[in-house]
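Residue numbers (the working numbering): 405 to 709.
Note that the Cβ used here is the ideal one computed from N, Cα and C, for glycine as well.
Worksheet: one structure, shown below.
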Amino acid sequence: MAGHGAPPTVRERLRTADALLVIGCRLNEVTTYGYEIPAPATRWAHVDVEPRGGRAGLRPPDLALAVDARAFLRAAVNRLANGVLDAAVADARAERNARDRAAFEAASVVDGGDWTGPGVHPGRVVATLRRVLPDAAILVTDAGNFAGWAARGFRFRRPGTFLGPTSGAMGYAVPAAVAAALIHRDRPVVALVGDGGMAMTMAELETAVRERVRPIVVVFDNERYGMIRMHQDDRGDSTGVATDLGPVDFAAVGRALGGRGVRVEADGEFEPALREALAADRPTVLHLVLDRRWVSVNDHPFAAG
405 MAGHGAPPTV
415 RERLRTADAL
425 LVIGCRLNEV
435 TTYGYEIPAP
445 ATRWAHVDVE
455 PRGGRAGLRP
465 PDLALAVDAR
475 AFLRAAVNRL
485 ANGVLDAAVA
495 DARAERNARD
505 RAAFEAASVV
515 DGGDWTGPGV
525 HPGRVVATLR
535 RVLPDAAILV
545 TDAGNFAGWA
555 ARGFRFRRPG
565 TFLGPTSGAM
575 GYAVPAAVAA
585 ALIHRDRPVV
595 ALVGDGGMAM
605 TMAELETAVR
615 ERVRPIVVVF
625 DNERYGMIRM
635 HQDDRGDSTG
645 VATDLGPVDF
655 AAVGRALGGR
665 GVRVEADGEF
675 EPALREALAA
685 DRPTVLHLVL
695 DRRWVSVNDH
705 PFAAG
(Lines of atoms letter the chains of each structure in order from A and count residues from 1; the text may use other names and numbers.)
(Lines give C-alpha, C1' and ligand atoms only; values in the text may rest on other atoms or scores of the structure.)
Protein backbone atom coordinates (compact mmCIF):
# COMPACT_ATOMS: atom_id res chain seq x y z
CA MET A 1 0.00 0.00 0.00
CA ALA A 2 1.25 3.47 -0.88
CA GLY A 3 -0.10 6.86 0.11
CA HIS A 4 -1.92 7.93 3.28
CA GLY A 5 -0.99 5.79 6.27
CA ALA A 6 1.48 3.55 4.42
CA PRO A 7 4.71 2.59 6.20
CA PRO A 8 7.26 5.41 5.75
CA THR A 9 9.74 2.97 4.19
CA VAL A 10 7.43 2.69 1.17
CA ARG A 11 7.69 6.39 0.36
CA GLU A 12 11.47 6.40 0.64
CA ARG A 13 11.81 3.23 -1.47
CA LEU A 14 9.71 4.75 -4.25
CA ARG A 15 11.39 8.14 -4.05
CA THR A 16 14.90 6.74 -4.45
CA ALA A 17 14.10 4.14 -7.12
CA ASP A 18 16.14 4.17 -10.35
CA ALA A 19 13.06 3.03 -12.27
CA LEU A 20 9.40 2.25 -11.72
CA LEU A 21 7.21 -0.17 -13.65
CA VAL A 22 3.54 0.73 -13.10
CA ILE A 23 1.27 -2.12 -14.22
CA GLY A 24 -2.50 -1.87 -14.64
CA CYS A 25 -3.09 1.09 -12.34
CA ARG A 26 -3.06 4.87 -12.23
CA LEU A 27 -0.73 7.18 -10.36
CA ASN A 28 -3.03 9.58 -8.53
CA GLU A 29 -2.22 12.34 -6.05
CA VAL A 30 -2.51 10.14 -2.96
CA THR A 31 -0.49 7.20 -4.31
CA THR A 32 2.34 9.50 -5.40
CA TYR A 33 2.43 11.57 -2.18
CA GLY A 34 1.32 14.72 -3.99
CA TYR A 35 3.07 13.78 -7.25
CA GLU A 36 6.46 13.50 -5.55
CA ILE A 37 6.69 10.07 -7.18
CA PRO A 38 8.22 9.34 -9.69
CA ALA A 39 11.16 11.51 -8.67
CA PRO A 40 12.83 13.63 -11.37
CA ALA A 41 15.71 11.17 -11.71
CA THR A 42 13.46 8.09 -11.83
CA ARG A 43 12.59 6.62 -15.22
CA TRP A 44 9.12 5.07 -15.30
CA ALA A 45 7.06 2.89 -17.61
CA HIS A 46 3.27 2.65 -17.63
CA VAL A 47 1.54 -0.57 -18.70
CA ASP A 48 -2.23 -0.21 -19.00
CA VAL A 49 -5.04 -0.68 -21.51
CA GLU A 50 -5.22 3.14 -21.61
CA PRO A 51 -1.91 4.54 -20.37
CA ARG A 52 -2.22 8.16 -19.39
CA GLY A 53 0.07 10.92 -20.48
CA GLY A 54 1.28 13.71 -18.25
CA ARG A 55 -1.24 15.75 -16.31
CA ALA A 56 -1.16 18.30 -13.53
CA GLY A 57 1.78 17.43 -11.30
CA LEU A 58 2.69 14.16 -13.06
CA ARG A 59 5.21 14.02 -15.90
CA PRO A 60 4.54 11.64 -18.81
CA PRO A 61 5.99 8.12 -18.60
CA ASP A 62 9.30 7.45 -20.33
CA LEU A 63 7.65 4.39 -21.86
CA ALA A 64 3.91 3.75 -22.28
CA LEU A 65 2.55 0.37 -23.36
CA ALA A 66 -1.14 0.12 -24.26
CA VAL A 67 -1.71 -3.50 -23.34
CA ASP A 68 -3.67 -5.62 -20.88
CA ALA A 69 -1.71 -6.16 -17.65
CA ARG A 70 -2.15 -9.95 -17.73
CA ALA A 71 -0.94 -10.23 -21.32
CA PHE A 72 2.08 -8.05 -20.52
CA LEU A 73 3.05 -10.11 -17.47
CA ARG A 74 2.76 -13.40 -19.35
CA ALA A 75 4.96 -12.07 -22.16
CA ALA A 76 7.48 -10.66 -19.68
CA VAL A 77 7.74 -13.92 -17.76
CA ASN A 78 8.23 -15.88 -20.98
CA ARG A 79 10.93 -13.46 -22.09
CA LEU A 80 12.75 -13.59 -18.77
CA ALA A 81 12.63 -17.39 -18.70
CA ASN A 82 15.07 -17.42 -21.61
CA GLY A 83 17.41 -14.89 -20.07
CA VAL A 84 20.65 -15.37 -18.17
CA LEU A 85 21.14 -13.59 -14.85
CA ASP A 86 24.47 -12.34 -13.60
CA ALA A 87 24.86 -14.21 -10.31
CA ALA A 88 26.61 -11.39 -8.48
CA VAL A 89 24.00 -8.83 -9.52
CA ALA A 90 21.13 -11.17 -8.62
CA ASP A 91 22.64 -11.93 -5.21
CA ALA A 92 23.16 -8.26 -4.45
CA ARG A 93 19.58 -7.50 -5.46
CA ALA A 94 18.25 -10.32 -3.25
CA GLU A 95 20.25 -9.03 -0.28
CA ARG A 96 19.03 -5.47 -0.83
CA ASN A 97 15.42 -6.64 -1.16
CA ALA A 98 15.72 -8.63 2.07
CA ARG A 99 16.84 -5.49 3.92
CA ASP A 100 14.00 -3.51 2.39
CA ARG A 101 11.49 -6.17 3.37
CA ALA A 102 12.75 -6.30 6.96
CA ALA A 103 12.46 -2.51 7.25
CA PHE A 104 8.93 -2.63 5.83
CA GLU A 105 7.89 -5.38 8.25
CA ALA A 106 9.16 -3.38 11.21
CA ALA A 107 7.49 -0.15 10.04
CA SER A 108 4.10 -1.77 9.41
CA VAL A 109 3.45 -3.11 12.92
CA VAL A 110 0.22 -1.50 14.15
CA ASP A 111 -0.72 -3.52 17.23
CA GLY A 112 2.24 -2.68 19.46
CA GLY A 113 2.60 -0.06 22.16
CA ASP A 114 1.30 0.10 25.71
CA TRP A 115 -2.08 1.72 25.07
CA THR A 116 -4.37 1.11 28.03
CA GLY A 117 -7.00 3.76 27.40
CA PRO A 118 -10.73 3.15 27.08
CA GLY A 119 -12.25 1.50 24.05
CA VAL A 120 -10.50 -0.61 21.43
CA HIS A 121 -7.03 -0.17 19.94
CA PRO A 122 -7.61 0.28 16.17
CA GLY A 123 -4.27 -1.25 15.27
CA ARG A 124 -5.06 -4.39 17.23
CA VAL A 125 -8.36 -4.62 15.38
CA VAL A 126 -6.50 -4.59 12.05
CA ALA A 127 -3.98 -7.17 13.26
CA THR A 128 -6.84 -9.43 14.39
CA LEU A 129 -8.57 -9.08 11.03
CA ARG A 130 -5.40 -10.14 9.21
CA ARG A 131 -4.90 -13.13 11.52
CA VAL A 132 -8.52 -14.36 11.42
CA LEU A 133 -9.69 -13.62 7.88
CA PRO A 134 -8.86 -16.06 5.07
CA ASP A 135 -6.60 -14.74 2.35
CA ALA A 136 -9.50 -14.67 -0.14
CA ALA A 137 -11.59 -12.35 2.06
CA ILE A 138 -12.43 -8.97 0.54
CA LEU A 139 -11.60 -5.90 2.62
CA VAL A 140 -13.41 -2.65 1.85
CA THR A 141 -12.40 0.68 3.35
CA ASP A 142 -14.22 3.97 3.57
CA ALA A 143 -12.52 7.37 3.58
CA GLY A 144 -11.44 8.54 7.00
CA ASN A 145 -8.88 8.75 9.75
CA PHE A 146 -9.33 5.10 10.77
CA ALA A 147 -8.29 3.82 7.32
CA GLY A 148 -4.63 4.58 8.03
CA TRP A 149 -4.44 1.57 10.32
CA ALA A 150 -5.46 -0.80 7.53
CA ALA A 151 -3.19 0.94 5.01
CA ARG A 152 -0.21 0.39 7.27
CA GLY A 153 -0.94 -2.95 8.91
CA PHE A 154 -3.14 -5.15 6.71
CA ARG A 155 -1.15 -7.37 4.31
CA PHE A 156 -3.06 -8.30 1.17
CA ARG A 157 -2.03 -11.75 -0.07
CA ARG A 158 -4.35 -12.27 -3.04
CA PRO A 159 -5.36 -10.06 -5.97
CA GLY A 160 -8.90 -8.74 -6.05
CA THR A 161 -9.24 -8.54 -2.26
CA PHE A 162 -9.26 -4.76 -1.67
CA LEU A 163 -11.83 -2.08 -2.49
CA GLY A 164 -11.44 1.55 -1.52
CA PRO A 165 -12.38 5.02 -2.78
CA THR A 166 -9.73 6.81 -4.83
CA SER A 167 -11.34 10.22 -4.36
CA GLY A 168 -11.64 10.35 -0.56
CA ALA A 169 -15.40 9.79 -0.80
CA MET A 170 -17.10 9.03 2.52
CA GLY A 171 -20.00 6.59 2.55
CA TYR A 172 -18.34 4.24 0.05
CA ALA A 173 -17.64 1.18 2.18
CA VAL A 174 -21.12 -0.13 3.03
CA PRO A 175 -22.64 -0.13 -0.50
CA ALA A 176 -19.34 -1.36 -1.97
CA ALA A 177 -19.28 -4.24 0.52
CA VAL A 178 -22.87 -5.15 -0.38
CA ALA A 179 -21.92 -5.18 -4.06
CA ALA A 180 -18.84 -7.34 -3.42
CA ALA A 181 -20.92 -9.77 -1.35
CA LEU A 182 -23.47 -10.04 -4.16
CA ILE A 183 -20.76 -10.96 -6.67
CA HIS A 184 -18.68 -13.17 -4.37
CA ARG A 185 -21.25 -14.93 -2.21
CA ASP A 186 -18.76 -17.60 -1.16
CA ARG A 187 -16.14 -15.19 0.23
CA PRO A 188 -16.15 -13.13 3.44
CA VAL A 189 -16.53 -9.39 2.86
CA VAL A 190 -15.55 -6.95 5.60
CA ALA A 191 -16.15 -3.20 5.42
CA LEU A 192 -14.16 -0.78 7.59
CA VAL A 193 -15.93 2.53 8.10
CA GLY A 194 -15.96 5.47 10.48
CA ASP A 195 -19.09 6.63 12.27
CA GLY A 196 -19.42 9.59 9.89
CA GLY A 197 -19.22 7.49 6.73
CA MET A 198 -21.45 4.80 8.22
CA ALA A 199 -24.21 7.32 8.90
CA MET A 200 -24.19 8.38 5.25
CA THR A 201 -25.10 5.01 3.71
CA MET A 202 -26.03 2.63 6.54
CA ALA A 203 -29.53 2.10 5.06
CA GLU A 204 -27.86 -0.15 2.45
CA LEU A 205 -27.71 -2.83 5.14
CA GLU A 206 -31.39 -3.39 4.37
CA THR A 207 -30.35 -4.16 0.79
CA ALA A 208 -27.91 -6.77 2.10
CA VAL A 209 -30.63 -8.38 4.22
CA ARG A 210 -33.12 -8.38 1.37
CA GLU A 211 -30.60 -9.85 -1.08
CA ARG A 212 -29.49 -12.47 1.47
CA VAL A 213 -25.81 -11.50 1.58
CA ARG A 214 -23.83 -11.11 4.77
CA PRO A 215 -21.09 -8.49 4.74
CA ILE A 216 -19.51 -7.58 8.06
CA VAL A 217 -19.40 -3.84 8.76
CA VAL A 218 -16.79 -2.74 11.31
CA VAL A 219 -17.58 0.79 12.55
CA PHE A 220 -14.77 2.78 14.16
CA ASP A 221 -16.77 5.21 16.30
CA ASN A 222 -15.14 8.25 17.89
CA GLU A 223 -18.23 10.46 17.55
CA ARG A 224 -16.55 12.86 15.13
CA TYR A 225 -15.29 13.35 11.61
CA GLY A 226 -11.82 12.21 12.61
CA MET A 227 -9.81 13.08 9.52
CA ILE A 228 -11.24 16.59 9.23
CA ARG A 229 -10.69 17.17 12.94
CA MET A 230 -7.07 16.02 12.66
CA HIS A 231 -6.45 18.60 9.92
CA GLN A 232 -8.08 21.27 12.08
CA ASP A 233 -5.84 20.33 15.00
CA ASP A 234 -2.78 20.45 12.73
CA ARG A 235 -3.70 24.03 11.82
CA GLY A 236 -3.84 24.95 15.49
CA ASP A 237 -7.63 25.08 15.83
CA SER A 238 -7.97 22.91 18.92
CA THR A 239 -11.68 23.63 19.29
CA GLY A 240 -12.73 22.05 15.99
CA VAL A 241 -15.39 23.33 13.63
CA ALA A 242 -18.48 21.23 12.83
CA THR A 243 -16.65 17.95 13.33
CA ASP A 244 -18.28 16.62 16.50
CA LEU A 245 -21.04 14.04 16.07
CA GLY A 246 -23.56 12.73 18.56
CA PRO A 247 -23.77 9.14 19.80
CA VAL A 248 -25.44 6.64 17.47
CA ASP A 249 -26.10 3.02 18.43
CA PHE A 250 -24.90 1.45 15.19
CA ALA A 251 -25.31 -2.08 16.55
CA ALA A 252 -29.00 -1.32 17.12
CA VAL A 253 -29.22 0.12 13.59
CA GLY A 254 -27.89 -3.15 12.23
CA ARG A 255 -30.53 -5.10 14.11
CA ALA A 256 -33.30 -2.66 13.15
CA LEU A 257 -32.50 -3.21 9.47
CA GLY A 258 -32.76 -6.99 9.80
CA GLY A 259 -29.14 -7.88 10.43
CA ARG A 260 -27.03 -8.44 13.52
CA GLY A 261 -25.39 -5.83 15.71
CA VAL A 262 -22.70 -6.17 18.39
CA ARG A 263 -21.14 -3.40 20.47
CA VAL A 264 -17.40 -3.91 21.14
CA GLU A 265 -15.86 -1.85 23.94
CA ALA A 266 -12.58 -3.70 24.64
CA ASP A 267 -9.86 -5.39 22.58
CA GLY A 268 -10.62 -8.84 23.92
CA GLU A 269 -14.22 -8.65 22.72
CA PHE A 270 -13.41 -8.12 19.05
CA GLU A 271 -12.10 -11.52 17.93
CA PRO A 272 -15.02 -13.62 19.27
CA ALA A 273 -17.46 -11.09 17.81
CA LEU A 274 -15.69 -11.29 14.44
CA ARG A 275 -15.72 -15.09 14.40
CA GLU A 276 -19.43 -15.14 15.21
CA ALA A 277 -20.06 -12.65 12.39
CA LEU A 278 -18.16 -14.83 9.92
CA ALA A 279 -20.40 -17.78 10.83
CA ALA A 280 -23.66 -15.80 10.81
CA ASP A 281 -26.34 -16.04 8.13
CA ARG A 282 -27.00 -12.28 8.05
CA PRO A 283 -24.98 -9.08 7.77
CA THR A 284 -23.38 -7.98 11.01
CA VAL A 285 -22.45 -4.55 12.35
CA LEU A 286 -19.54 -4.58 14.79
CA HIS A 287 -19.73 -1.23 16.57
CA LEU A 288 -16.26 -0.40 17.95
CA VAL A 289 -15.99 2.22 20.67
CA LEU A 290 -12.83 4.36 20.26
CA ASP A 291 -11.18 6.90 22.50
CA ARG A 292 -11.24 10.27 20.74
CA ARG A 293 -7.53 10.72 21.35
CA TRP A 294 -6.77 8.30 18.52
CA VAL A 295 -7.44 11.19 16.13
CA SER A 296 -4.20 12.92 17.07
CA VAL A 297 -2.00 10.58 19.12
CA ASN A 298 1.57 10.48 17.88
CA ASP A 299 1.54 6.80 16.92
CA HIS A 300 -1.41 7.17 14.55
CA PRO A 301 -0.32 6.11 11.03
CA PHE A 302 -1.19 9.50 9.54
CA ALA A 303 0.76 11.32 12.24
CA ALA A 304 3.81 9.16 11.54
CA GLY A 305 3.86 9.74 7.77
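Here the C-alpha atom of D637 lies approximately 23 Å from the C-alpha atom of T520.
As summarised for the region 589-622, the continuous alpha helix (DSSP H) elements at least 4 residues long and confined to that stretch are 599-605 and 608-614, given in chain order. Under the three-state reduction of DSSP output, R447 falls in the strand class.
Relative to R430, the option among A580, R463 and A681 whose CA is nearest is R463.
Between V689 and V578, the gap from beta carbon to beta carbon reaches 7 Å or more. Closest option to M574, judged by alpha-carbon separation, among P442, A603, V493 and G564: A603. The region 584-599 makes contact with the region 541-550, as at least three CB pairs between them are under 8 Å.
Looking at the DSSP output, R628 shares a beta bridge with D648. Secondary structure note for G665: its beta strand (DSSP E) is the uninterrupted segment R664 to V668. Residue pairing by DSSP places G575 in no beta bridge whatsoever. If you draw a 10 Å sphere on the C-beta of S512, you find 16 or more other C-beta atoms in it, and that means buried. R616 and V623 have their C-alpha atoms roughly 21 Å apart.
Straight across, the Cα-Cα distance linking R697 with P651 is about 16 Å. Annotated as distal: R618 and L649, with beta-carbon spacing of 7 Å or more. Here A468 is bridged, per DSSP, to H450. Residue pairing by DSSP puts V426 in a beta bridge opposite H450. Leaving aside the five residues that flank T605 on each side, the residues in its chain whose CB is nearer than 7 Å to its CB run, in chain order, G575, V578 and P579. In this structure the region 431-449 does not touch the region 582-589; the number of beta carbon pairs closer than 8 Å is below three. Beta-bridge analysis with DSSP links I542 to V593. The beta carbon of F560 lies closer than 6 Å to those of F566 in the same chain, with the five residues before and after it left out.
Between the C-alpha atoms of R589 and V536 there is a straight-line separation of about 19 Å. With a cutoff of 7 Å on beta-carbon distance, I542 and V593 are scored as near each other.
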